[in-house]
Amino acid sequence: DIQMTQSPSTLSASVGDRVTITCRASQSVSIWLAWYQQKPGKAPKLLIYDASSLESGVSSRFSGSGSETDFTLTISSLQPDDFATYYCQQYNSYSGTFGQGTKVEIK
Amino acid sequence: QVQLVESGGGVVQPGKSLRLSCEVSGFTFRSYSMHWVRQAPGKGLEWLAVMSSDGSHTFLADSVKGRFTISRDNSKNTLHLQLNSLTEEDTAFYYCARERPYSSVFDYWGQGTLVTVSS
Chain H
1 DIQMTQSPST
11 LSASVGDRVT
21 ITCRASQSVS
31 IWLAWYQQKP
41 GKAPKLLIYD
51 ASSLESGVSS
61 RFSGSGSETD
71 FTLTISSLQP
81 DDFATYYCQQ
91 YNSYSGTFGQ
101 GTKVEIK
Chain V
1001 QVQLVESGGG
1011 VVQPGKSLRL
1021 SCEVSGFTFR
1031 SYSMHWVRQA
1041 PGKGLEWLAV
1051 MSSDGSHTFL
1061 ADSVKGRFTI
1071 SRDNSKNTLH
1081 LQLNSLTEED
1091 TAFYYCARER
1101 PYSSVFDYWG
1111 QGTLVTVSS
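Here it is as C-alpha cells:
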C-alpha cells in the first residue's frame, strides 16, 4: 500500500503569512494527488486535484505543485478562514490513502 | 445541487453490527463510483471502501476487509456500508464521498454519521 506522509503536523502562522505544507508518497503516484481542507465538525473540502489544478470556486491563494513522490500545498497569504486542517490524498491506486494531516493554527 | 446524506450511525455494543446508508441527490448516482471514509474523533481520515458505478467492482481497506461490506442500490440512489464484528477502534465519523470521473478525486462529501462502539 502507498503511504502518505505530511509535514509539519502542526503549523503556527499569522494572517498574511505564506504557508507551505509538504506531502511525500512512499512510491510514485504521478500527479494523482489531491489536497483537502477540513474544519472542525465539517466534511473535507477539495482544494487541489491532479497535484496542481485548482478546484472550481477555491481561492487562488491556494496552489499545489509536485509530482511522483513529493508535493506541496502553498497558501500565498493566510486568511482567517484558512485556519483548518489540511490533508493530502493519493488516488494513483484504487484506494485513496490520506496523509495524517497538517493543522494550521493561529500564531 | 449535489447532496450526500449519511444515516444509520449510533451507539452499538462491541461485536454487534450496523448498516450505514448514504442517500444522494442532485446527480446521476449510477454514473459515479462511490467511497466510504472514516475519521476517529480527533484523528485523521482513513479510506475504507469503494464501489464502481455499476457495482461490479469493490475494494476495501485491509483494516476492514472481512468485516465491512460496501453495496449500492442505483434504483434508490443509495450507497450502503455494512459494519460487522465492531470493536471500539471502529468508533468514528463515517463519510460517503463521490468520485469524480476521469480524475478519481472525491469532489463531494456527506456530512458524516457517527458510530460509537461501546459496552
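Each protein sequence line maps, in turn, to chains H and V. Counting from 1, position 50 in the first sequence corresponds to residue 50 in our numbering; the numbering is continuous, with no gaps. Counting from 1, position 62 in the second sequence corresponds to residue 1062 in our numbering; the numbering is continuous, with no gaps. Even glycine gets a Cβ: it sits at the ideal position worked out from N, Cα and C. Being a predicted model, the structure only gives us computed values, none of them experimental.
**Prompt:** How would you label Thr5 of chain H, buried or exposed, when you count the other beta carbons within 10 angstroms and need 16 or more for buried?
**Reply:** For the purposes of this step, residue 5 of chain H is identified with residue 5 of the first sequence, where counting begins at 1. Answer is exposed; the Cβ neighbour count stays below 16.
**Request:** Could you work out which residues of chain H lie near Val1105 of chain V, taking near to mean beta carbons separated by less than 7 Å?
**Result:** To locate residue 1105 of chain V, count along the second sequence from 1; it is residue 105. What Val1105 of chain V touches in chain H: Ala34, Leu46, Tyr49, Tyr91.
**Prompt:** Beta-carbon separation of Gln1111 of chain V and Glu1006 of chain V under 8 Å?
**Reply:** What you label residue 1111 of chain V is simply residue 111 of the second sequence in a count that begins at 1. What you label residue 1006 of chain V is simply residue 6 of the second sequence in a count that begins at 1. Closer than 8 Å, so yes.
**Proximal residues to Gln58 of chain H (C-beta, below 6 Å), its chain only, five neighbours per side dropped** = One-based indexing of the first sequence puts residue 58 of chain H at position 58. Here residue 58 of chain H is Val; the residue named in the question, Gln, does not match the sequence. Once the five neighbours on either side are set aside, the close Cβ partners of Val58 of chain H are Leu47.
**Request:** Return the residue from the list H:Tyr91, H:Ser9, H:Ser63 that minimises the CA-CA distance to Arg1100 of chain V.
**Result:** Counting from 1 along the second sequence, the entry for residue 1100 of chain V is found at position 100. Comparing Cα positions, the closest option is H:Tyr91.
**Request:** Going by DSSP, name the residue or residues bridged to Ser1007 of chain V.
**Result:** Position 7 of the second sequence, counting from 1, holds the residue named residue 1007 of chain V. Answer is V:Ser1021.
**Request:** Take the Cβ of Thr992 of chain V as the centre, count every other Cβ of all protein chains shown within 10 Å, and call the residue buried at 16 or more, exposed below.
**Result:** Any property of residue 992 of chain V remains undetermined from this structure, which presents chain V solely from 1001 to 1119.
**Asked** Around the Cβ of Gly99 of chain H, are there at least 16 other Cβ atoms within 10 angstroms (buried) or fewer (exposed)?
**Response** Counted from its first residue, the first sequence places residue 99 of chain H at position 99. The residue is buried, with at least 16 neighbouring Cβ atoms inside 10 Å.
**Item:** Span separating the alpha-carbon of Leu1004 of chain V from that of Glu1089 of chain V
**Value:** Within the second sequence, numbered from 1, the residue matching residue 1004 of chain V stands at position 4. Within the second sequence, numbered from 1, the residue matching residue 1089 of chain V stands at position 89. Each residue's Cα considered, the two are about 25 Å apart.
**8 Å Cβ cutoff met for Thr74 of chain H and Gln3 of chain H** = Reading the first sequence from its first residue, position 74 is the one you call residue 74 of chain H. Reading the first sequence from its first residue, position 3 is the one you call residue 3 of chain H. The answer is no: Cβ separation not under 8 Å.
**Message:** Let me see if you follow: with CB-CB separation under 8 Å, is Ser95 of chain H close to chain V or not?
**Reply:** Translated into positions along the first sequence, residue 95 of chain H becomes position 95. Answer yes: the Cβ-Cβ gap between Ser95 of chain H and chain V drops below 8 Å somewhere.
**Request:** Leaving aside the five residues before and after Ser1071 of chain V along the sequence, list all residues of the same chain whose C-beta is less than 6 Å from its C-beta, in chain order.
**Result:** Reading the second sequence from its first residue, position 71 is the one you call residue 1071 of chain V. Answer for Ser1071 of chain V: His1080, listed in chain order.
**Prompt:** Do Arg1102 of chain V and Ala43 of chain H have their CB atoms nearer than 8 Å?
**Reply:** As a working mapping, residue 1102 of chain V is identified with position 102 in the second sequence. As a working mapping, residue 43 of chain H is identified with position 43 in the first sequence. The sequence shown places Tyr at residue 1102 of chain V, rather than the Arg named in the question. Cβ distance not < 8 Å, so Tyr1102 of chain V and Ala43 of chain H don't count as in contact.
**Message:** Let me see if you follow: with CB-CB separation under 8 Å, is Trp1109 of chain V close to chain H or not?
**Reply:** Against the second sequence, residue 1109 of chain V aligns to sequence position 109. So yes, Trp1109 of chain V belongs to the interface.
**Request:** Using 7 Å as the cut-off, classify the Cβ of Pro1014 of chain V as near or not near the heavy atoms of the ligand NAD, replying yes or no.
**Result:** This structure simply doesn't include the ligand NAD, nor any ligand for that matter.
**Message:** Using a Cβ-Cβ cutoff of 8 Å, what residues of the stretch 1046–1064 of chain V are near chain H? List them in chain order.
**Reply:** Glu1046, Trp1047, Val1050, Phe1059, Ala1061, Asp1062
**Request:** Check whether the Cβ atoms of Ser76 of chain H and Ser95 of chain H lie closer than 8 Å to each other.
**Result:** One-based indexing of the first sequence puts residue 76 of chain H at position 76. One-based indexing of the first sequence puts residue 95 of chain H at position 95. Contact flag unset, no.
**Request:** Mind checking the stretch 1084–1101 of chain V against chain H and listing, in chain order, the residues whose C-beta falls within less than 7 Å of any C-beta there?
**Result:** Tyr1095
**Message:** With distance defined between alpha-carbon atoms, name the residue in H:Ala25, H:Ile31, H:Lys107, H:Thr10 nearest to Val1105 of chain V.
**Reply:** Working through the second sequence from its first residue, we reach residue 1105 of chain V at position 105. Closest option to Val1105 of chain V, Cα to Cα, is H:Ile31.
**Item:** Alpha-carbon to alpha-carbon, Thr85 of chain H and Lys39 of chain H
**Value:** Working through the first sequence from its first residue, we reach residue 39 of chain H at position 39. Working through the first sequence from its first residue, we reach residue 85 of chain H at position 85. Distance between the alpha carbons of Lys39 of chain H and Thr85 of chain H: 6 Å.
**Request:** Output yes or no for whether 8 Å exceeds the beta carbon distance between Thr72 of chain H and Ile106 of chain H.
**Result:** Translated into positions along the first sequence, residue 72 of chain H becomes position 72. Translated into positions along the first sequence, residue 106 of chain H becomes position 106. Not closer than 8 Å, so no.
**Request:** Go through its chain and collect everything with a Cβ distance to Gly1055 of chain V's Cβ below 6 Å, but skip five positions before and after it.
**Result:** For the purposes of this step, residue 1055 of chain V is taken as the residue at position 55 of the second sequence. Only Arg1072 meet the Cβ criterion.
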